[in-house]
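In our numbering, the protein residues as written are 7 to 608.
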């Protein structure tokens, strides 16, 4: 007969919005072991599995810490309550926790006050909504009785009216009847119980005792402090947002570039400092989607998107928000894992703002084959390919704008835009390979530029710090022949050094923080490196902190209007690296608003 041997969860810390799917190990009637589901619609030997989920609510009500969500809260910030900031953000597990988090936490109060002072009502930000005002006052007596007024999450009460079972000082509410359950705001602070039992298909009666498991307390999904768009053109950004958060000027558009950290790379060995539940893909998937959708960019360039995740998650989910999706999977000459989990570059654009004209796919492996055929001696070809072939790709998309900003001079002229998205994932010691890949991409873009009058954007993770040879080539159009990176060139593929040039007038978008004018720029300038005109970091782990990600644009045809504010160490909290419960990648997202400008007449 069918029997249940074991049930368990990959992580026993449930998070609001993240699916819970227990692992159920079964013994079939033929004694074989399986974890396949046996639903009522397809019974096995006259039996099937029935599932139930319960929320167990103790008479003693519990709140969880907003900073350490696996800890019970003992303090509540009354400033948050007065400011009507989501109540889950107001709880802390100790005075030290609140003190350590204050510099980060006070931002919620400041922005709530700012929204009230400037608008007199709610102000929706790029990533989060707060209103009213408040101060950092603590309620230091948050106990079972003190919280009896009722914990809430937004406007949703935690306690439904229907009671299913009563056991001692606990009440059990049935909340689900499928194998998978997604915790809701009502579950915060409570234990969930999963029950699995074998059922006779004819009598519909259970056979034997149910197998059960209980989780730890459900925690709210941690959310980072909102990041605002900061004007670099002198305009007041707070007055220029749609009700859905996008920029109001019809001729402007926004571009997001984000290495979202592929699940296949997000190992506990590499990121041991990140809690296991925050590193799990079900949690990161939800958090990344919420963040990406929340930016409301017109064009989205993502790196490290797994093939299966693109097809099953990101393409369909972003389609619901009005995006068309394009994807280029990395090649697999070096990669030896599952072909479905190999990552690549994904570019999305809003259908209401742009239409797709053309797509170019760049495979650096093919370029390596061509290079070795003509530039490498026969005896070195195998060694050369072993060095050059790294499976990296670039996705180049030509779009046509559905808005017109050509002005009166060219009212009927098509507004095209070329967007390149790449991830130059090359070991640091192979400096020649990295320079060669960037140079190959730029030469391809030059050919497109020569065939059409078209503004260009070059986005991605180049794995190159400011001042490196690849960065110099992108930003300056050339590499100093004396640059130390050029010393690593065993195949002589970078010679003569004079060929390492391009004619595209590329400028890094975030350098506008140092050149622009507008409110809030002083704080952003402190987060920039004046020696390189780049952010202090876009990648922040325990082992490395520095800038690897960029959005470059052709300065003769585009101008930067605003930029998403940069993070600093205070934003990450002093003891946190990335990824973290708040930010689910080891990189930060870059977002720039652009406006097309007429090219100067020649």
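Quick reminder that beta carbons are idealized off the backbone N, C-alpha and C, glycines included. These figures come from a predicted structure and were not determined experimentally.
- A direct Cα-Cα distance of roughly 19 Å separates residue 361 from residue 351.
- From the listed residues 336, 57, 298, the smallest Cα separation to residue 321 is found for 298.
- Of the candidates 20, 429, 310, 457, the residue whose Cα lies closest to the Cα of residue 282 is 20.
- Taking 8 Å as the cut-off, the Cβ atoms of residue 56 and residue 205 count as close.
- Beta-bridge partners of residue 59 (DSSP): 182, 200.
- For the pair of segments examined, the region 46-65 was found not to touch the region 77-96: the number of CB pairs separated by less than 8 Å stays below three.
- Looking from the CA of residue 395, the closest CA among 404, 477, 372, 386 belongs to 372.
- The Cβ-Cβ distance between residue 481 and residue 569 does not fall below 8 Å.
- Here the alpha carbons of residue 489 and residue 520 stand approximately 25 Å from one another.
- Residue 172 places its beta carbon 8 Å or farther from that of residue 259.
- Residue 589 and residue 270 have their C-alpha atoms spaced approximately 17 Å apart.
- The alpha-carbon of residue 551 is positioned some 32 Å away from that of residue 318.
- According to the DSSP secondary-structure assignment, residue 356 is paired through a beta bridge with 329.
- As the crow flies, the alpha-carbon of residue 345 is around 19 Å from that of residue 308.
- In the DSSP assignment, residue 427 falls outside any alpha helix (DSSP H) and within the unbroken beta strand (DSSP E) covering 422-429.
- Between residue 437 and residue 491, the C-beta spacing is below 8 Å.
- Residue 548 and residue 584 have their C-alpha atoms spaced approximately 8 Å apart.
- Following the DSSP letters along the chain, one finds residue 85 in no beta strand (DSSP E) but inside the alpha helix (DSSP H) bounded by residues 84-89.
- Contact annotation: residue 53 and residue 29 have beta-carbon atoms that are not nearer than 8 Å.
- Distance from the CA atom of residue 336 to the CA atom of residue 431, rounded to whole angstroms, is 10 Å.
- Rounded to the nearest angstrom, the Cβ distance from residue 22 to residue 194 is 6 Å, consistent with a contact under 8 Å.
- Rounded to the nearest angstrom, the gap between the Cα atoms of residue 212 and residue 69 is 36 Å.
- Residue 598 carries a strand assignment under DSSP once its states are collapsed to helix, strand and coil.
- Where residue 407 is concerned, the enclosing beta strand (DSSP E) starts and stops at 399-407.
- Residue environment: residue 218 is assigned as exposed (fewer than 16 neighbouring CB atoms within 10 Å of its CB, all protein chains considered).
- Within its own chain, the residues whose Cβ lies closer than 8 Å to the Cβ of residue 501, once the five positions on either side in sequence are excluded, are 495, listed in chain order.
- Shown here, residue 449 sits in a helix according to DSSP, grouped into three states.
- For the options 100, 340, 89, 228, the alpha carbon positioned closest to that of residue 120 is the one of 89.
- Counting the other CB atoms within 10 Å of its CB gives residue 266 a total of 16 or more, which places it among the buried residues.
- Residue 338 counts as exposed, since fewer than 16 other beta carbons sit within 10 angstroms of its beta carbon.
- Taking the Cα of residue 279 as reference, the smallest distance to any Cα among 17, 221, 451, 586 is reached at 586.
- Within the same chain, Cβ atoms closer than 7 Å to the Cβ of residue 263 are found at 307, 465, 466, 555, 557, 596, the five residues on either side in sequence being excluded.
- When 216, 25, 374, 39 are compared, the shortest CA-CA separation from residue 293 is found for 25.
- Of the other Cβ atoms in all chains shown, 16 or more fall within 10 Å of the Cβ of residue 378; this residue is therefore buried.
- CA-CA distance, residue 476 to residue 536, rounds to 19 Å.
- The shortest C-alpha to C-alpha distance from residue 196 to any of 310, 304, 62 is the one to 62.
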